[in-house]
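Asks: Numbering (the UniProt record's numbering), first residue to last: 1 to 121.
Using N, Cα and C, we set each Cβ at its ideal position, and we do this for glycine too.
Predicted model, so just to flag it, every value in this text is computed and none were measured.
Starting off with a structure, shown below.
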């Protein structure tokens, strides 16, 4: 395997891990209310959405950038990096925004409630 493929795989894996840890931190001070599974369902939905948008963005970049002459003249490694690495940044921002909005929505609708930290200590 080429070193670029290995580095691309590592970066994608680490970004997915970072998205998971950010979602865990966003929902860490909250608990489900009324015996629902809002937090689990929301986290699963955001991860699935992250994956779908990432694949769609990679396909869009792969098809769109291949039409430009400047992109066609680049080396294969540059093409791989620009198609697979750059979509990570907007997808990360979308997932962080979506998890913050899910917390706000859940609080507003009463689906989650703040955990009382004093009781746990």
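Using DSSP's beta-bridge definition, name the partner residues of residue 31.
Replies: Numbered from its first residue, the chain shown carries residue 31 at position 31. In DSSP, residue 31 forms a bridge with 113.
Asks: Roughly how many whole angstroms lie between the Cα atoms of residue 16 and residue 87?
Replies: Indexing the chain shown from 1 puts residue 16 at position 16. Indexing the chain shown from 1 puts residue 87 at position 87. The straight-line gap from Cα to Cα measures roughly 12 Å.
Asks: Hey, how far is the Cα of residue 81 from the Cα of residue 62?
Replies: Within the chain shown, the letter at position 81 stands for residue 81. Within the chain shown, the letter at position 62 stands for residue 62. Roughly 11 Å between the two C-alpha positions.
Asks: I'd like the span of the alpha helix (DSSP H) that includes residue 25, first residue to last.
Replies: Translated into positions along the chain shown, residue 25 becomes position 25. Its alpha helix (DSSP H) spans residues 3-26.
Asks: Within a Cβ cutoff of 8 Å, which residues of the same chain sit near residue 99, ignoring the five residues on either side of it in sequence?
Replies: Counted from its first residue, the chain shown places residue 99 at position 99. Same-chain partners within the cutoff: 22, 23, 26, 27, 42, 43, 46.
Asks: Considering only the beta carbon of each residue, do residue 30 and residue 103 sit closer than 8 Å?
Replies: For this step, residue 30 is matched to residue 30 along the chain shown. For this step, residue 103 is matched to residue 103 along the chain shown. Yes, the Cβ-Cβ distance between residue 30 and residue 103 is below 8 Å.
Asks: Drop a sphere of 10 angstroms on the beta-carbon of residue 122, count the other beta-carbons inside from all chains shown, and report buried for 16 or more, exposed for fewer.
Replies: No statement about residue 122 is possible, as the shown extent of the chain runs from 1 to 121 and does not include it.
Asks: Span of the alpha helix (DSSP H) holding residue 82?
Replies: Position 82 of the chain shown, counted from the first residue, corresponds to residue 82. First-last of the alpha helix (DSSP H) with residue 82: 76-84.
Asks: Do residue 19 and residue 92 have their beta-carbon atoms positioned less than 8 Å apart in this structure?
Replies: Within the chain shown, residue 92 is the residue found at index 92, counting from 1. Within the chain shown, residue 19 is the residue found at index 19, counting from 1. Contact flag set, yes.
Asks: Do you know whose CA, among 38, 35, 89, lies nearest residue 124's CA?
Replies: The question about residue 124 has no answer, for the chain in this structure spans 1 to 121.
Asks: Just to check my reading of the structure: residue 84 and residue 8 have Cβ atoms closer than 8 Å, yes? What is that Cβ distance to the nearest angstrom?
Replies: To locate residue 84, count along the chain shown from 1; it is residue 84. To locate residue 8, count along the chain shown from 1; it is residue 8. Contact holds; Cβ gap of about 5 Å.
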